Structure formats: structure tokens, C-alpha cells
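Protein sequences, first through last, are from chains A and B. Read in order, the letters of the first sequence are residues 7 to 175 in the numbering used here. Read in order, the letters of the second sequence are residues 4 to 466 in the numbering used here. Here's the structure, in C-alpha cells; my notes come after.
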Amino acid sequence: MANYAASEIASVLKDAGGELIGRTRLQKLLYFLREAGMGPDLSFEYRHYGPYSEEAVFAAKEAKYEGLIEEEERVANWGGPYSVYRLLQDVEGSPERAEFVRIARDADAVQLELAATALFLAKGGEGSPWEEAERRKPEKASGGGLGRSKALYSKLRAVPGFEDRLPEL
Amino acid sequence: MVGQRVRDPLHNLIEFQTSTEDLHHVLWQVLQTRPFQRLRRVRQLGFSDVVYPGATHTRFAHSLGVFHTAARLIETIKKSAPRPQKQKIDQTLAAALLHDVGHGPLSHAFEPFGKRFKLEMAKHETVSERLITDSEITPLLETISKGFAGNVADMVCGKGEKSVYSAVVSSQFDADRLDYMRRDRLMTGTQNSAIDFEWLVANLEVGELPYGVDEVQTGVRDTFVLGPKAFFAAETYILALFQLYPTVYFHKATRGAEKIFEELLCRLYLLTVDGSIDQTGLPENHSLIKFFRDGLKLEDFLELDDTVIWGSLSLLATAKDKYVAEFATRLRDRMLFKAIDVRARLEICFDGDEDRIDHALNRITSEISARNEAKFADGPRILFDRAERSPYKTLESGGPLNQIHIRQADDALVDIRDISDVVRSIKSFKLYRAYVARDDCDSQKFVDDLIQSEISDGQLRGI
Numbered sequence: 007m008a009n010y011a012a013s014e015i016a017s018v019l020k021d022a023g024g025e026l027i028g029r030t031r032l033q034k035l036l037y038f039l040r041e042a043g044m045g046p047d048l049s050f051e052y053r054h055y056g057p058y059s060e061e062a063v064f065a066a067k068e069a070k071y072e073g074l075i076e077e078e079e080r081v082a083n084w085g086g087p088y089s090v091y092r093l094l095q096d097v098e099g100s101p102e103r104a105e106f107v108r109i110a111r112d113a114d115a116v117q118l119e120l121a122a123t124a125l126f127l128a129k130g131g132e133g134s135p136w137e138e139a140e141r142r143k144p145e146k147a148s149g150g151g152l153g154r155s156k157a158l159y160s161k162l163r164a165v166p167g168f169e170d171r172l173p174e175l
Numbered sequence: 004m005v006g007q008r009v010r011d012p013l014h015n016l017i018e019f020q021t022s023t024e025d026l027h028h029v030l031w032q033v034l035q036t037r038p039f040q041r042l043r044r045v046r047q048l049g050f051s052d053v054v055y056p057g058a059t060h061t062r063f064a065h066s067l068g069v070f071h072t073a074a075r076l077i078e079t080i081k082k083s084a085p086r087p088q089k090q091k092i093d094q095t096l097a098a099a100l101l102h103d104v105g106h107g108p109l110s111h112a113f114e115p116f117g118k119r120f121k122l123e124m125a126k127h128e129t130v131s132e133r134l135i136t137d138s139e140i141t142p143l144l145e146t147i148s149k150g151f152a153g154n155v156a157d158m159v160c161g162k163g164e165k166s167v168y169s170a171v172v173s174s175q176f177d178a179d180r181l182d183y184m185r186r187d188r189l190m191t192g193t194q195n196s197a198i199d200f201e202w203l204v205a206n207l208e209v210g211e212l213p214y215g216v217d218e219v220q221t222g223v224r225d226t227f228v229l230g231p232k233a234f235f236a237a238e239t240y241i242l243a244l245f246q247l248y249p250t251v252y253f254h255k256a257t258r259g260a261e262k263i264f265e266e267l268l269c270r271l272y273l274l275t276v277d278g279s280i281d282q283t284g285l286p287e288n289h290s291l292i293k294f295f296r297d298g299l300k301l302e303d304f305l306e307l308d309d310t311v312i313w314g315s316l317s318l319l320a321t322a323k324d325k326y327v328a329e330f331a332t333r334l335r336d337r338m339l340f341k342a343i344d345v346r347a348r349l350e351i352c353f354d355g356d357e358d359r360i361d362h363a364l365n366r367i368t369s370e371i372s373a374r375n376e377a378k379f380a381d382g383p384r385i386l387f388d389r390a391e392r393s394p395y396k397t398l399e400s401g402g403p404l405n406q407i408h409i410r411q412a413d414d415a416l417v418d419i420r421d422i423s424d425v426v427r428s429i430k431s432f433k434l435y436r437a438y439v440a441r442d443d444c445d446s447q448k449f450v451d452d453l454i455q456s457e458i459s460d461g462q463l464r465g466i
């Protein structure tokens, strides 16, 4: 029997419509859900792409081992690797977070990373999380990137049930 | 003109051009500060001298070595970059010197202890940041320029903008690794893990690399690359660094000592915050007690170094708390627990099926934790150590500037993993060891039975 976190990853994929592109996207989505109390209680730390969970990596591996999901590795146009996660078994989703998950699924990965980073910094006591996220990732925040990230975060917070669960930044 | 010079067993001579370079003059003064001088009393390899008696070198010597090595890497940037940035160069050298300033005593155990109780002041990045931006080091750095200390702290903690300069301080080919792997090899005496340092540096260049997030490209950046003639030296470097883990850093006796120290610290911390200092064997004004009791202050942290810990063991060995007394005695007298290589036994039976092995180890961990909680009120008596080292980190851990790129004949920059059969084929080194007292037959049997149960379960399932 899969452990709870592995089962939850499969459930999140169900909410995403059965497929999710990108390890960064998966990591940041799990981070948002954890903070909103709508996902597995994984521990996160700050890494290059913002909040990162080693436990999430293990849980995804466990989910693959149990045959719940598969991970296909591809090469992006820019030459770096990325992953595509697919649900293999029919599992129960969670209607209360499905819309949130779909927004994250369709969001630009860079904007999702910036928004998750800002939230992580705010939770760590940073008084100006967007400014600090911009300072740490200037190339991702430039050209209107920060504004689009803020808009994405507002859109995520506006999902019914999430406004009280995610803080205003 | 003669500046300041320090002799070093690895680099021979480390020079600070204090007469001609403002930054070097400032950094020489930083060396004289209390936080930096404290590193003379913090060993680079903690408990490794229980296995390698020569491994007594300090973070002080290592920090000087990283400064020296960073200066060598910066020469490459100066040759290759169209307009080398003096401020970034200064920031890099300062960060190289100060990168370890916040390390706790015997930090390979001190940090896991801190992680268990979520203690920020046990994390070396947090303390380094505080010491760089809020100690006697700070006004010295601020003489370079306003905000310089903050920029140095950002580079040390990996918070600032990623660039070829930050890669000197933190990447898979950084000054830190290039010093510690050679220094640790020299001082332990291990004959593994030699690298061709001069050839690697002679073939180091700066190249431009696209990078992105998942499938999205976000830009291009300058990064270190190695010329094609350094390909085999680069393979050797990766393998050499990797092999230091099973032979030195992850040695079973060293890790066993770290685990005992970690549990000792946990017990001391709990007794202190519980108001039971009289049970510890230490006086109320002992540096460790003050650090634990008084809210983990920076000035109390500065009192902590390896000598304080080693010096406290004789007092701790007489503690009223039997767990503290026993574990302190074990460290003082090198009476370490026996290591049971759980993973090795499963590997034989599961024929290298990593997923199956990890699954079994998750269950064994749960059983051991439950046993410790049920049977041993004062502290665990079956310790376990689970760790993994990959030979070459993935893109997710540090981004594209973290990787080692080789320039091909057509000038394309390729991650070494994509073109090296050697790098691709090295599997991660994984360990899982249980540690029990040599005279604790019950606990040994418990662990043996757990292993056997997993093996039997696997055989039933036809694995």
C-alpha cells in the first residue's frame, strides 16, 4: 500500500486532469497545497528553484514504485531536462482543490516558481517577500515577470476556499 | 611588494596583497577578528580522526585555502570576461574566505541536532549570514563599499543572483570543493581521490549557457566550462570527490561517533530547556548550557567550538543523567556502537532492486523508531544512519550554473553527464546502518530480525 504522501501526489495528478508537466511545477504546487493545508505535510527548504522538498521527491518515487504514476523525462528546447507526470491508476481527487491545481498546471513555470518563492520567504519572516524574490531571481522577475507572478498568486488565492488559507503578500 | 603570507601544507604559500589591494588589506583584518579566529578551534572533519588520526586540520586553514583557490579561479574570469567586474571579484574573494565562518562545533552532528529541533542558530548558513552582517566583521567589510557585507552574505548563503562569480563559491566545480577534497585527502592520508588540479584550472574557460525552468527557457548566462582537453581530468575529479564519501566522510566509525554526539546534544538540550541543568554534569555558566538556555544567541554561539565540547566530556561523563554520562564516556574513550550494515544485507538478497530496498528501509526505520520510543525513555539506543551521495548532482539541486560543462569541438557546451559514460554509470552511494551497543544483544537481535523479516517478505513475493 502506498504511503500517504505518494497517494496524495497521485490524487493531485487526478485533480490536474491526469497529467502535469515539470518537476518544478510539481514541487511548487505541492508547496502551495501544503501551505494551504490542502496537500501532504511535506517539509520544504530553500534551493535554487525556490521551496524544494526532498520528501516530495521520495513520495513521487514511491508513487511510481506503487504503479500510481509514471514520469517521462524529455529535453526542452533550451537543452535542459524536464519531466512529464501521468496518472496510471484511477484514484480519488479532491474537488475542493481541483480548480487551484488546474490553475497551477496551466501557469508559466517561472511565474509559479517566483510566487512560491515569495510565499516561502514571507513564511520565513521576510517583510518584503516580492522584493526579496526579485532580488534573488532578477532575471526571472524582469520584463514584467514579477507583476505576472503577483497576478498568478492573486488568481490562486481567489479560488474559493483558498483566500483564508494563503496569506496576502 | 611583500604583503602578508601564510604557509599551508596544501598550497605552500597563501598571500594577501595587503600593501596594494584594499580588499586584501580588509580581509587580513577580518582574519584577526574573534569570529574568524574561532575557526582555529573548529575541525574541518569533526570526528574523522577516530578513523584517520591525521585529520585534525581546521576550518581556519580550509577557509584560507578556499580564498587562495578562488583567486586562481578568478584569474580565468579576468582572462575570459570582456569586462571583469571589480566589485563582483571582491565580493567573491570575501565570500570564499568567510563561507564557513558560521559552522558550529563538530558540525556534521551539530547541524542534524539543530534540524531536529528546528533551531536556526545551529544552521551554518544562518550563523554565517549573521556574523557577516552583524558582528565585528561587518564594519570592516563595509569599508569596501556600503552594502558590501550584505552582498557577501548573499553569496555565502546562495541567495544572490547566480553568476559565474557565485559559481566560484558554490557550484559543482567551486573553490570550496577544490580545496577540501585535496586538503582532506592530504590530511587523512587516503591515497584515493587524487585530481589533476593544475590541468583543470589551465583548461578552465568562461562560456555562455542557456537556462530555464522545466520546459521554459529564461535566459543565457556566463558560466565556467572546461575545454575539451580537460574531459578526462573532469571525469577523474567527479569520481575522486565521490569516492571521498564512502572512504572518509561516510566511514562507519566516523558516522557512528557523529550519531552518538547528536543524541548526546539532543539529551542535553532537552534537559536544559526542561530546567534540569543539574542533571547534565555541566555548570550553569557552561557555554553549551548558556547557548541552549538563553535563546541561542550569537554571542553564546561564538563561545562554542570543538575544544569546548571535548573539554566538557569529562564533566558530562559524571552527569546524574545516565544517558548523558554513558554517551559522553563513549565519545571520550572511543567506545563506539557496533555498526550493522542493513543496506548491504538487503542488497545481496534483493539483487540491487533500489526501489524495493528503499521501501524495506522505510519500514525498518519506522520499526526502529517505534522500538526506541516504546523501550528507551531517556533516549534512543538503536541509532540509525541513512545517507546518500550522488556522484554528480542533478539540475534541480542548483540550476545550470551548478553543472560541469565541457566545450566540444564545435564550441557547443555540453553537461559532462551527457557525454561521459563514466559519470552516467556511477551509481549513488547509499548507506543505511543501525548502531547498537556491543553488549546490547536484545537490540542487535531486534535489528537482525527486522532485516530477516524484510528478506523473507521479499522471497515470498518472488524478488
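Ideal Cβ positions, reconstructed from N, Cα and C, are used throughout, including at glycine. Note that this is a predicted model, so its numbers are computed, not measured.
DSSP state of residue i mapped onto helix, strand, coil
i, result
"B:Q94", "helix"
"B:L416", "strand"
"B:H408", "strand"
"B:T136", "helix"
"A:L172", "coil"
"B:R337", "coil"
"B:R441", "coil"
"A:V81", "strand"
"B:A390", "strand"
"A:E61", "helix"
"B:I385", "coil"
"B:R41", "helix"
"B:I454", "helix"
"A:S89", "strand"
"A:E76", "strand"
"B:A125", "helix"
Top-ranked residue by Cα proximity to residue i, from the options
i, options, result
"B:I429", "B:L244, B:H111, B:D187", "B:L244"
"B:D388", "B:D137, B:E145, B:V439, B:T321", "B:V439"
"B:T397", "B:G117, B:E376, B:R420", "B:R420"
"B:A64", "B:P85, B:D179, B:K118, B:P87", "B:D179"
"B:C444", "B:A377, B:F340, B:L404", "B:F340"
"B:S446", "B:Q88, B:P383, B:T129, B:A84", "B:P383"
"B:L318", "B:E302, B:L307, B:I371, B:R335", "B:R335"
"B:V130", "B:S369, B:L101, B:G150", "B:L101"
"B:V172", "B:F151, B:G314, B:A73, B:C352", "B:A73"
"A:F38", "A:H54, A:S59, A:E76, A:G85", "A:S59"
"B:S196", "B:M184, B:D381, B:L109", "B:M184"
"B:V204", "B:E164, B:P108, B:I80, B:M190", "B:I80"
Bounding residues of the alpha helix (DSSP H) (the contiguous stretch that carries residue i)
i, result
"B:I367", "357 to 378"
"A:T30", "29 to 41"
"B:R119", "110 to 119"
"B:V425", "424 to 428"
"B:S431", "Run containing B:S431: none; DSSP gives neither H nor E here."
"B:Y240", "234 to 247"
"A:E14", "10 to 21"
Endpoints, the beta strand (DSSP E) within which residue i is located
i, result
"B:R62", "Note, B:R62: premise wrong, no beta strand (DSSP E); alpha helix (DSSP H) at 62 to 83."
"A:P250", "The question about residue 250 of chain A has no answer here: the residues shown for chain A are numbered 7 through 175."
"B:V16", "The question names Val, but residue 16 of chain B in the sequence shown is Leu. 15 to 19 is the span of the beta strand (DSSP E), which, as asked, contains B:L16."
"A:E51", "51 to 53"
"B:Y214", "207 to 216"
"B:V9", "7 to 11"
"B:F353", "Here B:F353 belongs to no beta strand (DSSP E); instead the alpha helix (DSSP H) covers 345 to 353."
"B:G3", "Coverage of chain B is limited to positions 4 through 466, which leaves residue 3 of chain B absent and any answer about it impossible."
With 16 other Cβ atoms within 10 Å as the buried cut-off, status of residue i
i, result
"A:N83", "exposed"
"B:F235", "exposed"
"A:M7", "Because A:M7 sits at a pLDDT of 48, beneath the cut-off of 50, its placement in the model cannot be relied upon, and the point is left open."
"B:M338", "exposed"
"B:V223", "exposed"
"B:D157", "buried"
"A:Y10", "exposed"
"B:D309", "buried"
"B:R410", "buried"
"B:V228", "buried"
"B:Q47", "buried"
"A:V107", "buried"
"B:D182", "buried"
**OP:** At 4 residues or longer, and completely inside the segment 259 to 315 of chain B: list those alpha helix (DSSP H) runs for me, N to C.
**Re:** 290 to 296, 301 to 304
Subject >> 3 or more residues per run - each beta strand (DSSP E) lying fully within the segment 94 to 159 of chain A >> reply: none
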